[in-house]
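Positions 10 to 344 (this note's numbering) are the ones given, in order, by the sequence shown.
Beta carbons: idealized from backbone N, C-alpha and C, even for Gly.
All figures in this text were calculated on a predicted structure; none of them were measured in a lab.
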Amino acid sequence: MLSAAESMETTDVSPLNVEQLLNSTERSTKVEKEIPLTLDVGSLAAFDISAIDSAKMGTGKERSKFLKDLTRDNTQLLFNAIFNLPTTVVERSVCVNLPRPTTRLPREKKIPVDKTLTKWEAFAKKKGIQKKKRTRMVYDEVAKEYRPRFGYNKAGSDKEQNWVVEVPANGDPYKDWLGEKEDKKKENVAKNELKRLQNVSKAVKGQSEDISRHVKQVHKSTASLGKFQEKVKNEKKAKEKGKTRKFAPVTGDSTGEKEKSLALISKIASGTVSVNKEKAANKELGATIKRKREEEDSKKSKRRSKMGIKAQSNHFDKKKRQVSRPGGKSKPSRG
């Protein structure tokens with residue numbers, strides 16, 4: 010066996026080049042691109058729009074290595090942008106404050122629809138009534154202690170369990186006052202349940218109406234306006250809302266048109282048709298004023314066109330006289 014001194018002499022340990030190590034580290038963090046990346050740090054995404062040289066890409070292992078190097082350089086640029094952002098320390102950990110994303114990504118789920126308000130919620134919103142959270146425990150005046158508001162052994166339960174009921178002074182002493190109290194309680198429970206079911210049916214009806222409206226819009230989005238669109242099973246025919254105008258046929262038998270014209274003439278001749286004479290006169294007066302204005306505008310435009318042609322002809326005659334003189338120089342002006 011060799012001693013420790015002999016082993017140290019035999020092994021060749023190359024010295025550590027610190028400058029070379031620093032240069033390699035600096036080179037790994039500094040990436041240069043001909044076309045800079047489009048960075049969206051808020052979404053932690055980077056987009057490289059530079060063209061890829063197919064000759065450098067190669068095939069097989071060369072292509073895999075090329076793509077890995079390209080991905081590594083682009084990821085390094087993204088991390089460089091992240092490390093330039095302001096940081097905060099949260100529970101001994103350095104965190105980066107990311108900016109708002111700039112890339113608009115499609116939603117995974119549809120935009121949530123506002124829940125249909127019940128009658129009481131709509132009334133409270135209209136009147137500005139704010140919901141206040143009530144305490145669980147309330148003071149019971151009969152038991153002289155705090156008890157739960159609802160449930161077993163609730164406040165006021167001793168009063169409800171009384172087997173003696175005070176009859177009013179003008180009340181019927183032979184009436185079942187205990188039974189009436191129980192009936193009122195059951196009636197209130199049934200009334201509240203009916204209101205709850207009405208609110209549920211109202212919400213379901215609103216959702217079904219929205220679905221049918223969307224289906225109708227989709228059917229009408231085709232070129233044939235849904236004429237040849239396949240129907241879903243048990244789908245009802247969509248009702249067309251609004252009034253549809255019906256026009257008489259242009260060709261064919263003219264007896265119907267003749268009868269309509271004769272009926273209109275007889276109606277006018279009999280004097281049953283009420284005519285607003287003031288409205289008719291105002292309409293005729295307005296048409297006359299509009300016609301006169303159009304005539305005046307046409308005369309003004311004709312006058313302008315004649316004046317323009319005359320001035321243009323004079324200008325060209327003057328130019329011709331200047332060119333016809335020897336030297337092409339114009340006559341010097343006096344003074």
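- Query: So what's Ala164 in DSSP terms, helix, strand or just coil?
  - Reply: coil
- Hey, how far is the Cα of Phe75 from the Cα of Ser63? Rounded to whole angstroms, Phe75 to Ser63 spans 10 Å at the Cα level.
- Output yes or no for whether 8 Å exceeds the beta carbon distance between Leu46 and Asn106. no
- Go to Ala55, then tell me how far its beta strand (DSSP E) extends in each direction, as first and last residue. Ala54 to Phe56
- Task: Confirm, please, whether the CB-CB distance from Ile44 to Ile58 is below 8 Å.
- Result: yes
- For Leu114, is the classification buried or exposed, using 16 other Cβ atoms within 10 angstroms of its Cβ as the cut-off for buried? exposed
- Whole angstroms is fine: what's the gap from Glu239's alpha carbon to Ser217's? 20 Å
- Query: Name the DSSP beta bridge partners of Arg156, please?
  - Reply: Listed as beta-bridge partners of Arg156 by DSSP are Val147.
- Going along the chain, which unbroken runs of the beta strand (DSSP E) with 3 or more residues stay wholly within the stretch 50–132? 54–56, 96–99 and 102–105
- Using the beta-carbon count (16 or more within 10 Å), is Ala131 buried or exposed? exposed
- Please look up how many angstroms separate the CB atoms of Pro121 and Gly51, rounded, as I've assumed it's under 8 Å. With a Cβ gap of about 23 Å, Pro121 and Gly51 do not count as contacting.
- alpha helix (DSSP H) segment containing Val198, residue limits: Trp186 to Lys229
- Query: If we ignore side chains and look at the alpha-carbon of each, how far apart do Ala232 and Val224 end up?
  - Reply: 16 Å
- Would you call Leu53 buried or exposed, if buried means 16 or more other Cβ atoms sit within 10 Å of its Cβ? exposed
- Tell me where the alpha helix (DSSP H) around Ala272 begins and ends. Thr264 to Ser279
- Message: For Ser210 and Ala290, I'd like the C-alpha separation in whole angstroms.
- Response: 58 Å
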